[in-house]
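Below you'll find the structure, written out as structure tokens, and then a few comments.
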Amino acid sequence: MRIFTIKAFIILLFLSLTTLNANEPPNAPEEEIEETNEIPLVVFSAFELDGAPLIVFGAESEIFSWLNVIGDIGIPTGYVANSPWASRYRLLAGYPLIQMDPWVLRGRSGSSVYGIASEFWSGTSVHLIQELYAGYQRERWQAGLTLGFEPHLSTYISFSDEYKEMNPSVKEGWYGTWIRGLYYAGIIGIVKPTERLSIFMKFAYTWPIEKSQSPFERTILDGRIGFGAGYKIW
Amino acid sequence: MVIKNKNFLLVFAILFSTIILSSCGMNPEESGNLVPKTVMEDASLPAETHNGIRLHLEIKNSGSSDLVIFVHGGPGFDYRALLPMASIVDGQNKIVFYDQRGSGLSQRVDTGSLSMDAHVADLKSIFETHKGSASNKILIGHSWGGALMQAYIKKYPSDFNKLMFLSSMPSDDTVMNKVADHYPSLYGNDFASYLAQRNAIGEGSHAELDFKYINFQPIQKFYYCNDNDYKKVPFWRFGYVALFKTLESLLSAPISGATMDYDYNFSSSNAAYSGAVYILYGTCDEALGKSASENLYNTFTGASQKQLIAVSNGGHYFWLFNSADITSTFSGATGP
Numbered sequence: 001m002r003i004f005t006i007k008a009f010i011i012l013l014f015l016s017l018t019t020l021n022a023n024e025p026p027n028a029p030e031e032e033i034e035e036t037n038e039i040p041l042v043v044f045s046a047f048e049l050d051g052a053p054l055i056v057f058g059a060e061s062e063i064f065s066w067l068n069v070i071g072d073i074g075i076p077t078g079y080v081a082n083s084p085w086a087s088r089y090r091l092l093a094g095y096p097l098i099q100m101d102p103w104v105l106r107g108r109s110g111s112s113v114y115g116i117a118s119e120f121w122s123g124t125s126v127h128l129i130q131e132l133y134a135g136y137q138r139e140r141w142q143a144g145l146t147l148g149f150e151p152h153l154s155t156y157i158s159f160s161d162e163y164k165e166m167n168p169s170v171k172e173g174w175y176g177t178w179i180r181g182l183y184y185a186g187i188i189g190i191v192k193p194t195e196r197l198s199i200f201m202k203f204a205y206t207w208p209i210e211k212s213q214s215p216f217e218r219t220i221l222d223g224r225i226g227f228g229a230g231y232k233i234w
Numbered sequence: 235m236v237i238k239n240k241n242f243l244l245v246f247a248i249l250f251s252t253i254i255l256s257s258c259g260m261n262p263e264e265s266g267n268l269v270p271k272t273v274m275e276d277a278s279l280p281a282e283t284h285n286g287i288r289l290h291l292e293i294k295n296s297g298s299s300d301l302v303i304f305v306h307g308g309p310g311f312d313y314r315a316l317l318p319m320a321s322i323v324d325g326q327n328k329i330v331f332y333d334q335r336g337s338g339l340s341q342r343v344d345t346g347s348l349s350m351d352a353h354v355a356d357l358k359s360i361f362e363t364h365k366g367s368a369s370n371k372i373l374i375g376h377s378w379g380g381a382l383m384q385a386y387i388k389k390y391p392s393d394f395n396k397l398m399f400l401s402s403m404p405s406d407d408t409v410m411n412k413v414a415d416h417y418p419s420l421y422g423n424d425f426a427s428y429l430a431q432r433n434a435i436g437e438g439s440h441a442e443l444d445f446k447y448i449n450f451q452p453i454q455k456f457y458y459c460n461d462n463d464y465k466k467v468p469f470w471r472f473g474y475v476a477l478f479k480t481l482e483s484l485l486s487a488p489i490s491g492a493t494m495d496y497d498y499n500f501s502s503s504n505a506a507y508s509g510a511v512y513i514l515y516g517t518c519d520e521a522l523g524k525s526a527s528e529n530l531y532n533t534f535t536g537a538s539q540k541q542l543i544a545v546s547n548g549g550h551y552f553w554l555f556n557s558a559d560i561t562s563t564f565s566g567a568t569g570p
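In order, the protein sequences belong to chains A and B.
Each step along the first sequence adds one to the number in the numbering used here, with nothing skipped, and position 15 is 15.
Each step along the second sequence adds one to the number in the numbering used here, with nothing skipped, and position 21 is 255.
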């Protein structure tokens, strides 16, 4: 029952995302959800593995490779090590999955970014991932294909005091719409060291939908790697 | 506690739709939001059209007889940091400040319109427009502006009778390629932060790219005496595309890797210049300081007069931090 409800919930989320039409209620079953103290009621975190909820905590880093600007095909390894995306919460499902990272806070050290220095930079992104598994529940390693579209909702951009003083007409606030986004495709592997613990890793190639519009006329290669671990709640 | 699934789904749908709809924030591609508007969007800015491009340009002491034109650095920066020097230029000079095409608050242009030749043509047009009957015509350039000056006198050696280079790019690629050695720090945290912004704002507009360039500044600490001095350099707006595309005029090939290979030489045309030359640099400037300035100084073998001046405790923008040391030099050099 719970499985079915969660799937219906995911379908609803998908419909909300793709049609933005909440007037037509989906054909959802009218089962009841029992809320217990054992389940964190995080709206977008409901998923399951082996019939039980699995909460995944992990991090994702992105590797940016510039073909025409700086970096060639080279990988700025320091970026991965110092990724501001560390501590990004990940939620993983064993089935076609909708994943959401609400309020991804990307902290900045005071000296690292001028213009956004000492400020926080937050964004909300939604991941729609379809993972096609092979050998699910039979192998310790599971390989799958990840296809995604990551629309960027809004990002709060704030400026350093110096920048605001120099250019008082600029506007701090929320920027962007859900339309902007990134497509990505890649592979994902999952290791199950124990019955309850899962570890996953992911590599994906990402390309921005706005690439062709760049006034700089350059090509950007953008990869991302992810890793994390999950633990069954019951 | 039991929650009716129907109600739960309804609440969720409303909440999610609210998030989606409320997520439509300001447009990062629009000038005036993340970065100031250019002359194309703000008609109140002082501007002139040269070679069909609208340039942000202002004139000080418009009734004066002689002429000083300032050429800013970058490429892609603006003239805001140069403005304080207006007060130490001799008062007999009409002073022209302008943002180069694709830079500062000037009109953004196609990448094909960003070349050294195009910048030289703009400067020539400005010169012809404002020279009037000036007998004393002085060209002052900072950093990249020094390279543009050298390209200009190569083509028009007799337009200006005095040149003043401030923290200038040297005369050839030998020294410049050593400057590029400072840039492995691109792979540190600062560069990472710059790159990370790609996901928040896009690359579909000059406004977004120009905003992103701001974050290159902290990785250029080697230009200054103190780590935080870069925060004290005033600017309006960078021209991200202008920077990279214009710079390619001085490179052996388009930028494609972690390093840039400079390939240029103005030595012979510098030697043919017969006017007065003043070369100033800050002693803290590890990039375009002593060695670059000495390289430049040595090429002006035919100059009627030349001076090499080291400004102590000065970085790449030494006049912003230590203007007292250069006041007499400036007023003397820009005098009749």
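No residue lacks a Cβ here, since even glycine has one placed at the ideal position from N, Cα and C.
Judged by their CB atoms, threonine 533 of chain B and serine 377 of chain B are not nearer to each other than the 9 angstroms cut-off.
With a beta-carbon spacing of about 10 angstroms, methionine 383 of chain B and leucine 400 of chain B fall beyond the 8 angstroms limit used to define contacts. When C-beta distances to chain A are compared with 8 angstroms, the residues of the stretch 258-289 of chain B below that value are Cys258, Gly259, Met260, Asn261, Pro262, Gly266, Asn267, Leu268, Val269, Pro270 and Lys271, in chain order. In the three-state reduction of the DSSP assignment, tyrosine 512 of chain B falls in the strand class, which pools E and B. Contact annotation: in the stretch 162-174 of chain A, residues whose CB is within less than 8 angstroms of a CB in chain B are Glu162, Tyr163, Met166, Asn167, Ser169, Val170, Lys171, Gly173 and Trp174. Taking all protein chains shown into account, aspartate 407 of chain B has 16 or more neighbouring C-beta atoms within 10 Å of its C-beta and is therefore buried.
In terms of beta-carbon proximity, phenylalanine 469 of chain B lines the interface with chain A, with at least one pair separated by less than 9 angstroms.
Within the DSSP bridge table, the entry for glutamine 539 of chain B names B:Ala510 as partners. Of the residues assessed, aspartate 519 of chain B falls on the buried side of the cut-off, its CB having 16 or more other CB atoms within 10 angstroms. Boundaries for valine 467 of chain B: no beta strand (DSSP E) harbours it, and the DSSP string shows neither H nor E there. The shortest CA-to-CA distance from glycine 336 of chain B to any of B:Phe361, B:Lys412 and B:Asp312 is the one to B:Asp312.
The straight-line gap separating the alpha-carbon atoms of methionine 350 of chain B and glutamine 326 of chain B is approximately 31 angstroms. Sixteen is the threshold: since fewer than 16 other Cβ atoms of the shown chains lie within 10 Å of the Cβ of serine 562 of chain B, the residue is exposed. Residue-level contact by beta carbon holds for isoleucine 448 of chain B and chain A, with a gap shorter than 9 angstroms. With respect to the 9 angstroms criterion, threonine 568 of chain B and valine 323 of chain B are classified as neighbours on the basis of their beta carbons. The Cβ-Cβ distance between proline 309 of chain B and alanine 476 of chain B falls below 9 angstroms. Rounded to whole angstroms, the separation of the alpha carbons of arginine 471 of chain B and valine 269 of chain B is 6 angstroms. The shortest C-alpha to C-alpha distance from asparagine 167 of chain A to any of B:Ala352, B:Gly338, B:Asp393 and B:Thr363 is the one to B:Gly338.
CA-CA distance, lysine 466 of chain B to leucine 316 of chain B, rounds to 13 angstroms.
By the rule that beta-carbons nearer than 9 angstroms mark a contact, arginine 335 of chain B does not touch chain A. Aspartate 393 of chain B and glycine 548 of chain B have their C-alpha atoms spaced approximately 30 angstroms apart. Residue state for glutamate 482 of chain B is assigned as helix, using DSSP reduced to three classes. Nearest in C-alpha terms to tyrosine 496 of chain B, of all of B:Met403, B:Asn261, B:Arg314 and B:Phe361, is B:Met403.
DSSP places aspartate 495 of chain B outside both helix and strand once states are collapsed to three, so it counts as coil. By alpha-carbon distance to lysine 371 of chain B, the top candidate from B:Ile329, B:Lys479 and B:Lys389 is B:Ile329.
Counted as a single uninterrupted DSSP element, the beta strand (DSSP E) harbouring phenylalanine 399 of chain B occupies residues 396-400. Within 10 angstroms of the beta-carbon of proline 280 of chain B lie fewer than 16 other beta-carbons, which makes it exposed. Taking 9 angstroms as the cut-off, the beta carbon of tyrosine 515 of chain B is found closer than this to the beta carbon of leucine 522 of chain B. The shortest CA-to-CA distance from serine 369 of chain B to any of B:Ser347, B:Ala487, B:His306 and B:Leu301 is the one to B:Leu301. About 5 angstroms separates the beta carbon of glutamine 341 of chain B from that of isoleucine 287 of chain B, a gap short enough to meet the 8 angstroms contact definition. In chain order, Gly325, Asn327, Lys328 and Ile329 place their CB closer than 7 angstroms to the CB of asparagine 295 of chain B, counting only its own chain and leaving out the 5 sequence neighbours on each side. Taking a C-beta distance under 9 angstroms as the contact criterion, histidine 284 of chain B and aspartate 356 of chain B qualify as a contact pair.
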